[in-house]
Amino acid sequence: METKRSFSLHHLTVLDAAPSELPGYAAQTGCSYIGIFCDLPGVKEAGYPVVSPGESEQQLQRALSEHGVSINNLELFQLRPETDVSSFNEVLAMGQRLGARQATVHMHDGDGARSVATFAKFCELAGGYGLDAALEFTSFSAVRTLDTALQIVRSANMSNGRIALDLLHFFRNGGNVEMLSAIAPHELGYVQVCDGLFEEPEDRYAEAVKDRMLPGDGEFPIAQVMARIPELVIVDVEVPQMRFKKLGATPAHRVRSAVKHTVKAIQPPGVDE
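According to my numbering, the sequence shown is numbered sequentially starting from -7.
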């Protein structure tokens, strides 16, 4: 079945691929966008392949042009109590040159008023480069729930402030489908889709960054979630598959599998692909 939704291939799905390879994999599987890791504090140190101003940026730009693919989001802007948001100028400028839509933010500051002020400053800075700022709540940051993320975005009151909704972190932190009605359509930047069991994993971090379940193979009510997500919101395919990589599955195979499962899983109940 054809879908009117737009899809983005997140680099976490195939970390063994170079950033410049992502546009090709995306185009081959019907994804109009990709999500990339940038040379930012905490990102390169985590071992992620990053894009930085200069040669890697130019390589990626050529690949984007060749395959007709765009960038959905830049990762990962970590906001801490000591963060000077002006330090992000260079990477945000690169994002503008590459035509990116959004900059993904993780908040590592438990002070409510300060986190709102810092997020507002980041939104203002990103907006100057034509980018939205998407605050992602996760199990590994100071902002772990949808409610807290919405409070920050609404208190900051910036026109380009958004929520990034990762289904894994949503359900791992007490989320349920009914809670999604709290999000106004303009507040949602994009939704990251994967699957999982409701039983708590032994290691949340390993699950999140190394081995998520393919959409449709777990217990998350993905179709019910997507029924509440506006059709114009980009669906980000974020499904790292370490277990299949260890079995010899190629990057191309893992991308095809992740996208195919995602497209099928987001269909309304009772509708075939």
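We put the beta carbon where it would ideally sit given N, CA and C, even for glycine.
Asked                                                                                                                                                                         : Found
What's the gap between the Cα of Asp195 and the Cα of Asp8?                                                                                                                   : 22 angstroms
CA-CA distance, His2 and Glu13?                                                                                                                                               : 12 angstroms
Give the secondary structure of Ile214 by DSSP, where H, G and I count as helix, E and B as strand, and everything else as coil.                                              : helix
Do the stretch 133 to 142 and the stretch 112 to 123 touch if we need at least three Cβ pairs shorter than 8 angstroms?                                                       : no
Would a C-beta distance cut-off of 8 angstroms place Leu286 and Thr96 closer than the cut-off?                                                                                : Not covered by the structure: residue 286. The range shown for the chain is -7 to 265.
Taking a contact to mean a Cβ-Cβ separation below 8 angstroms, would you say Val227 touches Ile258 in this structure?                                                         : yes
In this structure, does DSSP put Leu239 in helix, strand or coil?                                                                                                             : coil
Alpha carbon to alpha carbon, what distance is there between Tyr182 and Lys256?                                                                                               : 18 angstroms
What residues are listed by DSSP as bridge partners for Leu117?                                                                                                               : According to DSSP, which records beta bridges pairwise, Leu117 is partnered with nothing at all.
Taking only three categories from DSSP, how would you classify Asn353?                                                                                                        : Residue 353 lies beyond the residue range present for the chain, which begins at -7 and ends at 265; the question has no answer from this structure.
Grouping DSSP H, G and I as helix and E and B as strand, with all else coil, what is Phe29?                                                                                   : strand
Looking at the structure shown, is Met(-7) part of a helix, part of a strand, or coil, going by DSSP?                                                                         : Residue confidence for Met(-7) is low, a pLDDT of 38 falling below 50, so the modelled location carries little weight and cannot support an answer.
Can you give me the Cβ contacts of Arg93 inside the same chain, cut-off strictly under 6 angstroms, excluding the 5 residues immediately before and after it?                 : Asn64
Please state whether DSSP places Tyr17 in a helix, a strand or coil.                                                                                                          : helix
Consult DSSP for Tyr40 and reduce its assignment to one of helix, strand or coil.                                                                                             : coil
Using the Cβ count rule (16 or more neighbours within 10 Å means buried), how would you classify Arg235?                                                                      : exposed
For Pro11, collect the residues of the same chain with a Cβ closer than 6 angstroms to its Cβ; drop the 5 residues on either side in sequence, then sort them by chain order. : Ile28, Pro41, Val43 and Leu52
Is Val229 closer than 8 angstroms to Val169 when the C-beta atoms are compared?                                                                                               : no
To the nearest angstrom, how far is the alpha carbon of His59 from that of Pro15?                                                                                             : 6 angstroms
Please classify Ser151 as buried or exposed, where buried requires at least 16 other C-beta atoms within 10 Å of its C-beta.                                                  : exposed
For the alpha helix (DSSP H) containing Thr75, list its first residue and its last residue.                                                                                   : Counting along the chain, Thr75 falls outside any alpha helix (DSSP H), and DSSP gives it neither H nor E.
Going straight from the alpha carbon of Ala174 to that of Asp187, what length do you get?                                                                                     : 22 angstroms
Excluding sequence positions up to five away, which residues of its chain have a Cβ less than 6 angstroms from the Cβ of Leu56?                                               : Pro15
Is it right to say Pro73 is buried, meaning 16 or more other beta carbons lie within 10 angstroms of its own, or is it exposed?                                               : exposed
Based on DSSP bridge pairs, tell me the residues matched to His98.                                                                                                            : Gln70
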